[in-house]
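Respectively, the protein sequence lines represent chains A and B. According to the numbering used here, the first sequence is numbered sequentially starting from 76. According to the numbering used here, the second sequence is numbered sequentially starting from -11. One structure is given below, encoded as structure tokens.
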Amino acid sequence: MDQPTDRPTGVEHGIAGSGGEVRSFAYSDVLTSDEAVALEGLSEKPKSFGRLAWERFLRHRLALIGAIGLVLIALLFIVAPWFSDYAFDERNVRDRLLGPSWDHWFGTDEIGRDLFVRTAQGGRYSLRIGLTVAVLATVFGALMGAIAGYFGGWIDNVVSQLVNLILVVPALIVLSVWALKFGSSANQLSIVLAALLWTRIARVVRGVVFQIKEQEFVMAARAAGASHGRIIVRHVMPNFVGVIAVEITLLLGTAIVLESTLSFLGLGVKPPNASLGTLVADAKGSIDNDPIRVLTPGFFIVLIVLFVNFLGDGLRDALDPKSKAEH
Amino acid sequence: MTEPLLRVDSLGVGFPSKAGVVQAVTDVSFEVHPGEVLAVVGESGSGKSVTALAIMRLHAKSTIITGSIDFDGIDILGLDDDQMRSVRGRDIAMIFQDPMTALNPVFTVGNQIVEAIQAHHKVPDDVAWKRAVELLEMVGVPEPKRRAEQYPHEFSGGMRQRAMIAMAISNEPKLLIADEPTTALDVTVQAQVMEVLREVQRETGSAMILITHDLGLVAGSADRVQVMYASRVMERGSIDEIFYESRNPYTRALLDSIPDLGGVRERLEPIPGNPPSLLNPPPGCGFAPRCSMAVSACSTVVPELVPVTDGHASRCIRVDDLVPVGGAA
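Below you can see the structure in the form of structure tokens.
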């Protein structure tokens, strides 16, 4: 592989000379110390994995755009209400269905509520659900996948069948029924979404763990007396953070889209609250004569999902432990 | 003689498969005394690594293990999982064949040694780290302080194997099991690593089981040799007894198949044929079909491991016909 032979260390290497005597040889004799260091491919202090990952991430332009874009959108949603004189549920019937203006940046809706403030409020709601779902589903899915993959046998069988069962259940129908029966607060929606979406991560992680546990360093850890829990946390998990980072971003996107879909169908967020989905739904009647009201929240959904995917792409490249970036 | 550190008694290891049980180790008994180096030699599939893994209890749960393993008064096969875990790494440590894959790529080398120490001793991080650096120095890693902060991919093969050795001796085990420690290394590095291994073994006073298929390696580093073939011990004895006074046709054939630098022999003698299947082994001696000295009785009954002298034993019906002729077989 990369370095099959011993590196010259400049200390204890001997080369048999032609006369049969051993003549000592050190790189430091012929090279300046800087050159010797460069020759070994080492700076005075080796960079940590985190540092290398960070540098790789910074070089990934799309990921950087995604990360910065997401932060900006989140900031916009958070600070927007401070720049507006209107509350998100404040009605001014005289000002209904206005177009964008200096007073109402995104216009107003059918009952005269300011759409800029409502978009910000809806965006926060969507982001919150997306993040909660991504974290919940990732933690649970990764844990289940790791356990299934590591222990194999009947445990793997049970988890895999459960995953298959959930995968064949149409998410939208379950969500609709749930929302109709139990209501649809942000937390409830998040939990149900997470319960439906952990399966993908579990599958991916299970596959990776199957591969990792056959590696000798896991056997070596067992031979050193490490417990199962310690092996999973210390040796197996760090080897799939890259995979997880990608999955978590994909999940975030999926969760936001699903929540928007649900809200669009009228099963998600209840008025006067809004999410990006309900905003699209509210405006759908006027798509012909006033498309801007549908397009603004739709634009944010697309932008968020797009940025999240950029980010995931960059994270995958940056966190791959086998990635051999120049260092 | 001193009390043995490890006593393996009629060990059997079988792997259940769809076609039946693959008997990888049959009736293997041997002893390892404190401080001595026992080399276990044999070709691939002879059962040497499987024996080692059985001592560490690292086989899958479904594996059928019979016989008994007594280590320092402890019945290894009778321990529960937690007790076994405290033996692994502390009393018995293992060095694996391939240092490329035996180190975790996402942690620094120092970190992994610290982990090995802290698995058995509750010491603060900085103390364990200092010890890790000392260990690296002990196994001849130059600039151990800086090297400890590097990742496995920044180490060469030889340096990685040194790090593995450092990790294995971190808890001063009574028994080291080295499973083909130099096989994955460059020839030029093999000797260095072997020397390091011998040195730390002598310094820590631990016993060692050296598993290898390289007879050349054995000659320089072992006290006693055990030759295995087709899941059984074929012959056992001191270095001289095995190399110069072998009483077993398989050992002799093995010795004939290694190149002899500066010797007069012109051609190497390969052993004809292949080892038998361990799934449904034919009756009789496993080596009989390939043996130039086989008689009809060889393929009907498995010969016993009969003592030749004190400490020298051979499994062959014709052991008495195999009187030493002097020289390497």
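Built from N, CA and C at the ideal position, the CB exists for glycine as well.
query: Would the beta-carbon of R45 of chain B fall within 7 Å of that of G300 of chain A?; result: no
query: Under three-state DSSP, which class holds G55 of chain B?; result: strand
query: Got a sec: which bits of the segment 289 to 306 of chain A sit with their beta carbon under 8 Å from any beta carbon on chain B, in order along the chain?; result: Q290, E291, F292, M294, A295, A296, R297, A298, A299, G300, A301, S302, R305
query: Can you give me the Cβ contacts of K259 of chain B inside the same chain, cut-off strictly under 7 Å, excluding the 5 residues immediately before and after it?; result: Per the sequence shown, the amino acid found at residue 259 of chain B is Ile instead of Lys. Excluding sequence neighbours, I259 of chain B sits near A241, S245, R278.
query: Listing by chain order, which chain A residues have their CB less than 9 Å from the CB of F231 of chain B?; result: Chain A residues near F231 of chain B: none, gap ~27 Å exceeds 9 Å.
query: Measuring alpha carbon to alpha carbon, tell me which residue in B:V13, B:A156, B:E187, B:M281 is nearest G55 of chain B.; result: B:V13
query: Should D167 of chain B go down as buried or exposed, given a rule of 16 or more other Cβ atoms within 10 Å for buried?; result: buried
query: According to DSSP, is I62 of chain B helix, strand or coil?; result: strand
query: In whole angstroms, give me the CA-to-CA distance for G94 of chain A and E183 of chain B.; result: Unreliable placement is indicated for G94 of chain A, whose pLDDT of 40 sits below 50; the coordinate value is still reported in the next sentence. Rounded to the nearest angstrom, the two C-alpha atoms are 25 Å apart.
query: Please name the residue, chosen from B:R255, B:L198, B:S234, that lies closest to L41 of chain B on a Cα-to-Cα basis.; result: B:L198
query: In the DSSP assignment, find the unbroken beta strand (DSSP E) run with M152 of chain B in it and report its ends.; result: Run containing M152 of chain B: none in the beta strand (DSSP E); it sits in the alpha helix (DSSP H), 145 to 156.
query: Which residue comes first and which comes last in the alpha helix (DSSP H) that contains T274 of chain A?; result: 261 to 288
query: I need the straight-line Cα distance from V181 of chain B to G146 of chain B, nearest angstrom please.; result: 7 Å
query: How is the alpha helix (DSSP H) around F152 of chain A delimited, first residue to last?; result: 136 to 154
query: Kindly indicate the opening and closing residues of the beta strand (DSSP E) around R(-5) of chain B.; result: -6 to 5
query: Across which residues does DSSP place G225 of chain B in a beta bridge pair?; result: B:V213
query: Run the CB neighbour count on K288 of chain A, radius 10 Å, all protein chains shown included, and call it buried at 16 or more, exposed below.; result: buried
query: Is the CB-CB distance between V215 of chain B and V29 of chain B below 7 Å?; result: yes
query: Taking C-beta to C-beta, are P22 of chain B and L(-7) of chain B nearer than 7 Å?; result: yes
query: So if DSSP puts S302 of chain B in a beta bridge, which residue, or which two residues, is it bridged to?; result: B:E223, B:V294
query: Relative to the C-alpha of F385 of chain A, which residue among A:G328, A:H303, A:P372, A:I362 is closest?; result: A:G328
query: Would you call the segment 79 to 88 of chain B and the segment 112 to 126 of chain B touching, i.e. three or more CB-CB distances under 8 Å?; result: no
query: What are the start and end residues of the beta strand (DSSP E) that includes E19 of chain B?; result: 8 to 20
query: If V234 of chain A and A223 of chain A are in contact, beta carbons under 8 Å, what's the gap, nearest whole angstrom?; result: 4 Å
query: For T89 of chain B, would you say it is in contact with chain A, using Cβ-to-Cβ distances shorter than 7 Å as the test?; result: yes
query: Just the chain A side, please: which residues come within less than 7 Å of S74 of chain B by C-beta, in chain order?; result: G300
query: Given the structure, does T336 of chain A come close to the ligand MN, in the sense that its CB is under 6 Å from one of the ligand's heavy atoms?; result: Ligands displayed in this structure: none; no statement on the ligand MN is therefore possible.
query: Residues of chain A with CB closer than 7 Å to the CB of D86 of chain B, please, in chain order.; result: E291
query: Could you give the first and the last residue of the continuous alpha helix (DSSP H) run that contains A295 of chain A?; result: 291 to 298
query: What are the start and end residues of the alpha helix (DSSP H) that includes N323 of chain A?; result: For the record, residue 323 of chain A in the displayed sequence is Ile; it is not Asn. Taken as a continuous stretch (DSSP letters only), the alpha helix (DSSP H) holding I323 of chain A covers 316 to 339.
query: Tell me whether A27 of chain B sits in a helix, a strand or coil according to DSSP, three-state version.; result: strand
query: Is DSSP giving D189 of chain A helix, strand or coil here?; result: strand
query: In this structure, does DSSP put T171 of chain B in helix, strand or coil?; result: coil
query: What residues in its chain sit with their C-beta under 6 Å from that of V1 of chain B, if we drop five residues either side in the sequence?; result: A12, V13, V38, A42, I53
query: Would you kindly check if the distance between the Cβ of R188 of chain A and the Cβ of R166 of chain A is under 7 Å?; result: yes
query: On the DSSP letters alone, give me the boundaries of the alpha helix (DSSP H) that M281 of chain B sits inside.; result: Careful: M281 of chain B lies outside any alpha helix (DSSP H) and carries neither H nor E.
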